[in-house]
Amino acid sequence: MKEVKSPTKLHWFFIIVLILGIFFRFYNLDGQVYWHDEALTSSRIAGYTKNEIRSAVFTGEIIRVQDLQKYQSSSPEKNFWDTIKVLATDANEHPPLYYGLLRLWANIFGFSITAIRCFSVIISLLIFPCLYWLCWELFRSELIGWMAIAIVSLSPYFVIYAREAREYSLWTVLTLLVSVLLLRAIRCTHNEAKPQENLKNWGGYAIALTLGFYTFPLSGIMAIGQGLYLIIIEKFRWTRSVLFYITALIFSLLAFSPWLTVMIINSSKGTSWTAFPLPFSIWLKLWAMHFSHGFVFIVDEFGFNTLLNYSTLPFLLLLIFSAFYFLCRNTPRQIWLFILILTLTLPLFLVLPDLILGGQRSTSSRYLVPMYLGIQIAIAYLLATPTHKPRLQKSITLLIITLGLISCLFYVNSETSWNKVVSFNNPKIVQAIAQSNNPLLITVSFGINSGNILALSHALDPNLNLLLINNSGDRFDWEIIPDLPSEFSDLYFLNTSDRFLQTLESEYNLETKLIYHDNHLWLWKST
-19 MKEVKSPTKL
-9 HWFFIIVLIL
1 GIFFRFYNLD
11 GQVYWHDEAL
21 TSSRIAGYTK
31 NEIRSAVFTG
41 EIIRVQDLQK
51 YQSSSPEKNF
61 WDTIKVLATD
71 ANEHPPLYYG
81 LLRLWANIFG
91 FSITAIRCFS
101 VIISLLIFPC
111 LYWLCWELFR
121 SELIGWMAIA
131 IVSLSPYFVI
141 YAREAREYSL
151 WTVLTLLVSV
161 LLLRAIRCTH
171 NEAKPQENLK
181 NWGGYAIALT
191 LGFYTFPLSG
201 IMAIGQGLYL
211 IIIEKFRWTR
221 SVLFYITALI
231 FSLLAFSPWL
241 TVMIINSSKG
251 TSWTAFPLPF
261 SIWLKLWAMH
271 FSHGFVFIVD
281 EFGFNTLLNY
291 STLPFLLLLI
301 FSAFYFLCRN
311 TPRQIWLFIL
321 ILTLTLPLFL
331 VLPDLILGGQ
341 RSTSSRYLVP
351 MYLGIQIAIA
361 YLLATPTHKP
371 RLQKSITLLI
381 ITLGLISCLF
391 YVNSETSWNK
401 VVSFNNPKIV
411 QAIAQSNNPL
421 LITVSFGINS
431 GNILALSHAL
441 DPNLNLLLIN
451 NSGDRFDWEI
461 IPDLPSEFSD
471 LYFLNTSDRF
481 LQTLESEYNL
491 ETKLIYHDNH
501 LWLWKST
């Protein structure tokens, strides 16, 4: 494909968009809710297991919010290997590469929200050169590479996950790197490169794939998709490329086998919530939002969020369809097939079990990084390839950049976002409790509560008193009625059962009122 030189004005436009994207990734890093999963990130890199935290603080004795920070920060009694042990026992679905690196980072820069999130942001900056490199390998076009960078720079999806204390930034970088190295390795093999060149390229692919496995297990599904791609372009023949791919895959699986063994042994401790059924209408709505969140998302209290998302959805769906149609019509099969498989492999792997068995595996957008990358690359090709409608291409480009810019402006100045899930409305819990002069917050360890109280500890008054009850295992909260002190002005009960409240009302002559609730949080207050 002939190289298209981008004009100087376009270069400046792309550079400005990139600078804005970098700015939004760093700005106000501690401004959004530090949510349930991020709090667990802090406790895991600190080296504390769930059982250690529960036995230490969920005792039925009164403690202060600031006491919870011990389990999310550095401690002389915990070291790097405690972090690895916690992941192996409590969260083996999260391989140790990101968390081990984050532990080393936190040892230097601290465990504050800003420091922890900054690690993900810095990693996310590697997305841009890797994305440009992938576009160059695919299209040999500078302009398409810059267009892809511009779209991803202000994509709400990539900005939000760049700022989260989880492994998704690293997974995005490695997804791009694995893709680039596979294409280079195939090209070198087809060009009958020297043995040392093949060894270097396929060895690099194997190492990058191994790092992908040690970052996020769904990298394995991506590798299967890449194998399918290679088999198709090799016309289902046994070739040197197929042999090298299988060798690289075996090497990566062997290198990953220690952690894979841990995952198999502790498979019962995985993410069981993904199998919980959802009404099909909700499932479909969440999937519609997948296509929207790559380009636009605003959190506000006036319904503009819903209006903007749904009003732009038909345009975005048409744009995505047009991009893939244009891609398939105007590029060789080895190019459009690669992007199509990159986009569809993981969604199909997650959607089919949802539809057949029931569940919500595919509704979590953080599992769909390759899909978002494929969509953005296809749209970049559509907008950067010369056609007979340049004004329309420019108008669509400006619209996408504008939607992303507005979304990012709202997001970095908001308290919460859709990816905070169970902690989305934590600020409302904090605000409600702050109305009292001398409150006591009571909750139990069941379900999300143990992780969410750690998250709330970053927003509540450090001197707020807590009474935490351990009802893990087969114990019900109404079987563990605490002694309630009388010196507090108000009692708040977070995510306790109705029967627990009824027992307290009967025993202590209390009256309670539900003052806030959503799908995950219920807050009662004594009256």
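In my numbering, the protein residues as written are -19 to 507.
A virtual CB, placed ideally from N, CA and C, is assigned to each residue, including glycine.
The model shown is predicted, which means the values in this text are computed figures rather than measured ones.
{"Asked": "So, for Tyr361: in the same chain, excluding its five sequence neighbours on each side, which residues have a beta-carbon less than 6 Å away from its beta-carbon?", "Found": "Ile124 and Leu307"}
{"Asked": "Please report the Cβ distance between Ala145 and Ser100, rounded to the nearest whole angstrom; I am assuming they are in contact, meaning their Cβ atoms lie under 8 Å.", "Found": "6 Å"}
{"Asked": "Could you pull the DSSP bridge partners for Thr423 from this structure?", "Found": "Leu448 and Leu474"}
{"Asked": "Secondary structure at Lys408, three-state DSSP: helix, strand or coil?", "Found": "helix"}
{"Asked": "Taking the alpha-carbon positions, what's the Leu434 to Thr423 distance?", "Found": "12 Å"}
{"Asked": "Taking Val153 and Asp441 to be in contact with their CB atoms under 8 Å, please state how far apart those CB atoms are, rounded to whole angstroms.", "Found": "So it is not a contact: roughly 38 Å between Cβ atoms."}
{"Asked": "Relative to the alpha-carbon of Ala188, which residue among Val276, Leu77, Leu264 and Leu297 has its alpha-carbon at the smallest distance?", "Found": "Leu77"}
{"Asked": "Output yes or no for whether 7 Å exceeds the beta carbon distance between Gln49 and Ala26.", "Found": "no"}
{"Asked": "Considering only the beta carbon of each residue, do Met127 and Ala303 sit closer than 7 Å?", "Found": "no"}
{"Asked": "Is the beta carbon of Phe3 less than 7 Å from the beta carbon of Ser425?", "Found": "no"}
{"Asked": "Using C-beta distances below 8 Å, list every residue in its chain close to Tyr496, excluding the 5 sequence neighbours before and after it, in chain order.", "Found": "Asn405, Lys408, Ile409, Ala412, Trp502 and Leu503"}
{"Asked": "May I ask you to report which of helix, strand or coil DSSP gives His273?", "Found": "helix"}
{"Asked": "With a threshold of 6 Å on Cβ separation, who are the neighbours of Thr292 within its own chain once the five nearest residues in sequence on each side are excluded?", "Found": "Val276"}
{"Asked": "Ignoring anything shorter than 4 residues or poking outside the stretch 67 to 130, list the alpha helix (DSSP H) runs there in chain order.", "Found": "76 to 89, 93 to 104 and 107 to 119"}
{"Asked": "Determine the closest residue to Leu337 out of Phe260, Gly384, Val401 and Trp267, with distance taken between C-alpha atoms.", "Found": "Phe260"}
{"Asked": "From this set, His273, Pro257 and Asp478, which residue's C-alpha is nearest Pro333's C-alpha?", "Found": "Pro257"}
{"Asked": "Please list, in chain order, all residues of the same chain as His500 whose beta carbon is under 7 Å from its beta carbon, the five residues on each side excluded.", "Found": "Val402 and Ile428"}
{"Asked": "Just to confirm, does Thr152 get its C-beta within under 6 Å of one of the non-hydrogen atoms of the ligand SAH?", "Found": "The ligand SAH is not part of this structure, which contains no ligands at all."}
{"Asked": "Reducing DSSP to helix, strand and coil, say where Leu503 ends up.", "Found": "strand"}
{"Asked": "Determine, using beta-carbon pairs with one atom in the stretch 77 to 87 and one in the stretch -6 to 1, whether at least three such pairs fall under 8 Å.", "Found": "no"}
{"Asked": "Using a 10 Å radius around the Cβ and a threshold of 16 neighbouring Cβ atoms, would you call Glu459 buried or exposed?", "Found": "exposed"}
{"Asked": "Which residue wins for smallest C-alpha separation from Tyr194, given the options Pro238, Leu348 and Glu177?", "Found": "Pro238"}
{"Asked": "Applying the criterion that 16 or more other CB atoms from any shown protein chain within 10 Å of the CB defines a buried residue, is Gln356 buried or exposed?", "Found": "buried"}
{"Asked": "In terms of alpha-carbon separation, which member of Arg455, Ile461, Gly431 and Thr507 lies closest to Tyr14?", "Found": "Gly431"}
{"Asked": "Pull up the DSSP beta-bridge partners for His368, would you.", "Found": "In the DSSP output, where bridge partners are listed per residue, His368 has none listed."}
{"Asked": "For a test of the three-state rule: what should DSSP assign to Leu210, helix, strand or coil?", "Found": "helix"}
{"Asked": "So the candidates are Ser342, Ser344 and Tyr352; which of them puts its Cα closest to the Cα of Ile321?", "Found": "Tyr352"}
{"Asked": "Are the beta-carbon atoms belonging to Asp463 and Pro419 less than 7 Å from one another?", "Found": "no"}
{"Asked": "Note down the Cα distance separating Tyr148 from Glu467, rounded to an integer number of angstroms.", "Found": "46 Å"}
{"Asked": "Which value, in whole angstroms, describes the spacing of the CA atoms of Tyr141 and Ser394?", "Found": "15 Å"}
{"Asked": "Would you kindly check if the distance between the Cβ of Leu447 and the Cβ of Ile33 is under 7 Å?", "Found": "no"}
{"Asked": "Could you check whether Phe480 and Asp498 sit closer than 7 Å to each other, using their CB atoms as the reference points?", "Found": "no"}
{"Asked": "Where does Lys493 sit, in a helix, a strand or coil, going by DSSP?", "Found": "strand"}
{"Asked": "CB-CB under 6 Å to Thr483, same chain, minus the five flanking residues each way: which ones, in chain order?", "Found": "Trp458 and Ile461"}
{"Asked": "Please return the same chain residues whose Cβ sits closer than 8 Å to the Cβ of Lys509, not counting the five positions on each side in sequence.", "Found": "The structure shown does not extend to residue 509, since the chain is modelled only from -19 to 507, so the question has no answer here."}
{"Asked": "Would you report the Cα separation of Phe(-7) and Ile131, rounded to the nearest angstrom?", "Found": "12 Å"}
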